[in-house]
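Visitor: Following this message is one structure expressed as structure tokens.
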Amino acid sequence: MYGILFKNDDFDQYFFLIDNNVSILYNPGYSVEEKKKELTKWIQKKIEPLVIKFSEYYFPLFFSNDTVTLFILYNDIRDLNKADIIKCAKKYPNITFSVSGNKEVYEKRLLNELLIEKVKKPVMRITQFKNHFPVPYKYRPISDAVEINEQSIDQFVQDYLNEKKHFYRKSERALPDEFNHGYIKIIVADTYDEYVFDNTKNVVVLFYAPWCGHCYKFEPVYREIGKRLKIYGKKFKDYKNDVVISKIDAVNNEIYDILIEGYPTIYLYTKENKKEPIRYIGPRTVENIISWICEKTNTNIDIQKFRNINLDDEQLFETYEEL
């Protein structure tokens with residue numbers, strides 16, 4: 021296999037991929053230097069089989085930016101309807117088709133990535149990476165009860181392309197509202213949008229990992245901020261009550277709108293601009309964080325009054341153990 025690159029008088033550039041006397045034309049309409057990634061992706065697609073048997077070798081391919089993959093998973097892939105899968109793979113060249121079992125370590129890792137516990141019958145999933153986030157968007161059919169054939173695969177792909185998507189993600193179980201009124205609001209992936217994008221609130225979110233020592237050390241400080249704010253709201257009736265102190269386990273909940281590169285990380289979603297959260301960079305102290313919140317929002321918290329709050333003024337019984 022080899023390629024030939026040349027220019028014609030119109031400065032268009034062409035690339036021929038030649039294999040077994042078959043020539044395939046690639047004309048990006050741009051300089052190949054500018055379109056390296058596109059050309060690499062195009063070549064990679066041409067040398068792949070129509071349907072890829074999943075292996076650890078393909079993890080970097082499937083789990084990289086802008087890749088759309090349709091996975092078909094079953095205990096024994098030899099029992100799958102190969103002819104129908106190949107037909108659909110030919111029909112949708114911009115989607116990578118792959119089949120996988122559940123016995124090998126890398127196959128179990130894939131099931132874990134797709135949040136599938138057991139594969140009792142063939143199932144389909146589509147993954148798509150966007151915006152350079154390390155976690156793929158995941159989609160499933162309306163029902164896993166359908167037989168995997170040309171018609172059901174085609175319907176699933178059409179639903180995906182027409183944005184009739186059945187999106188899902190990793191999320192812990194949401195805490196009922198009646199138990200979620202402690203000093204810190206507990207957020208999970210399924211309640212993230214509801215709480216964070218509430219336009220009546222300035223929402224401070226702590227992204228933490230259960231195993232993180234720095235998070236454990238910071239927990240009493242963050243909890244004190246929440247406690248002081250609770251007491252402040254009850255003591256000073258003119259307070260707008262527009263700041264929410266919250267946290268989310270960023271390991272066991274998948275969030276797609278923000279990239280977390282270390283723990284703990286704090287972001288502030290202001291009422292005025294939910295699309296551009298502000299990251300906190302500074303000493304992790306009560307004084308510094310509350311000053312930062314007041315600086316970045318139009319809340320009417322009086323810093324001096326906040327500082328002078330007596331933490332013994334209220335004994336609030338919290339029914340959920342923090343962090």
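Going letter by letter, the sequence shown gives residues 21 to 343 in my numbering. Backbone N, C-alpha and C define an ideal beta-carbon position, used for all residues, glycine too. If you're wondering where the values come from, they're calculated on a predicted model, not measured in any experiment.
Compare the beta carbon distance of residue 146 and residue 90 with 7 Å and say whether it is the shorter of the two.
Guide: In contact: residue 146 and residue 90 (Cβ atoms closer than 7 Å).
Visitor: Looking only at its chain, what residues have a beta carbon closer than 8 Å to the beta carbon of residue 216, apart from the 5 residues adjacent to it on each side?
Guide: Once the five neighbours on either side are set aside, the close Cβ partners of residue 216 are 207, 223, 225, 266, 289 and 294.
Visitor: Just mark residue 220 as buried or exposed, buried being the case when its beta carbon has 16 or more other beta carbons within 10 Å.
Guide: So residue 220 ends up on the exposed side.
Visitor: Among residues of its own chain, excluding the 5 on either side of residue 209, which ones have a beta-carbon nearer than 7 Å to its beta-carbon?
Guide: Excluding residues within five positions, the ones whose Cβ falls inside 7 Å are 189, 190, 191, 273, 274 and 275.
Visitor: Can you check whether the CB of residue 139 is closer than 7 Å to the CB of residue 95?
Guide: Contact flag set, yes.
Visitor: Where does the unbroken beta strand (DSSP E) through residue 269 begin, and where does it stop?
Guide: Start and end: 263-269.
Visitor: So, helix, strand or coil for residue 324, using DSSP?
Guide: Helix.
Visitor: Residue 283: which of 320, 311 and 233 sits nearest, CA to CA?
Guide: The shortest Cα separation from residue 283 among 320, 311 and 233 belongs to 233.
Visitor: Taking the straight line between their C-alpha atoms, what separation do you get for residue 173 and residue 268?
Guide: Each residue's Cα considered, the two are about 36 Å apart.
Visitor: Can you say whether residue 156 is buried or exposed, counting buried as having 16 or more other CB atoms within 10 angstroms of its CB?
Guide: By the 10 Å Cβ count, residue 156 comes out buried.
Visitor: Taking the alpha helix (DSSP H) that residue 159 falls in, what are its first and last residues?
Guide: Taken as a continuous stretch (DSSP letters only), residue 159 belongs to no alpha helix (DSSP H), being part of the beta strand (DSSP E) at 157-159.
Visitor: Within 10 angstroms of its Cβ, does residue 305 collect 16 or more other Cβ (buried), or is it exposed?
Guide: So residue 305 ends up on the exposed side.
Visitor: In angstroms with no decimal places, state the Cα-to-Cα distance between residue 243 and residue 203.
Guide: One C-alpha to the other measures close to 6 Å.
Visitor: Would you decide whether residue 286 is buried or exposed? Buried here means 16 or more other CB atoms lie within 10 Å of its CB.
Guide: Burial call: buried.
Visitor: Could you name the residues of the same chain whose beta carbon sits closer than 7 Å to that of residue 104, not counting the 5 residues immediately before and after it, in chain order?
Guide: Only 169, 170 and 173 meet the Cβ criterion.
Visitor: For residue 211 versus residue 194, is the C-beta distance shorter than 7 Å?
Guide: In this structure, residue 194 lies closer than 7 Å to residue 211 by Cβ.
Visitor: Can you say whether residue 240 is buried or exposed, counting buried as having 16 or more other CB atoms within 10 angstroms of its CB?
Guide: It counts as exposed.
Visitor: Could you spell out where the beta strand (DSSP E) holding residue 111 opens and where it closes?
Guide: Counting along the chain, residue 111 falls outside any beta strand (DSSP E), though it belongs to the alpha helix (DSSP H) covering 102-111.
Visitor: Might you give, ordered along the chain, the residues of its own chain that have their beta carbon closer than 6 Å to the beta carbon of residue 87, omitting 5 neighbours on each side?
Guide: Hits under 6 Å: 149.
Visitor: Between residue 213 and residue 298, what straight-line distance do the alpha-carbon atoms span, to the nearest angstrom?
Guide: Straight-line Cα distance between these residues: approximately 17 Å.
Visitor: For residue 132, tell me which candidate among 158, 108 and 107 has the shortest Cα-Cα distance.
Guide: Ranking 158, 108 and 107 by Cα distance to residue 132 puts 158 first.
Visitor: Taking the continuous beta strand (DSSP E) assigned at residue 251, which residues delimit it?
Guide: Per DSSP, residue 251 belongs to no beta strand (DSSP E); it is in the alpha helix (DSSP H), 233-255.
Visitor: With distance defined between alpha-carbon atoms, name the residue in 227, 72 and 108 nearest to residue 280.
Guide: Closest by alpha carbon: 227.
Visitor: Tell me which residue opens and which closes the alpha helix (DSSP H) that residue 129 is part of.
Guide: It spans 125-133 - the alpha helix (DSSP H) in which residue 129 sits, taken as one unbroken run.
Visitor: Could you give the distance in angstroms between the alpha-carbon of residue 318 and the alpha-carbon of residue 187?
Guide: Distance between the alpha carbons of residue 318 and residue 187 is about 35 Å.
Visitor: So what does DSSP say about residue 306, is it helix, strand or coil?
Guide: It is helical.
Visitor: When the Cα atoms are used, what is the spatial distance from residue 302 to residue 322?
Guide: C-alpha separation (whole angstroms): 21 Å.
Visitor: In angstroms with no decimal places, state the Cα-to-Cα distance between residue 112 and residue 180.
Guide: So the two alpha carbons sit approximately 12 Å from each other.
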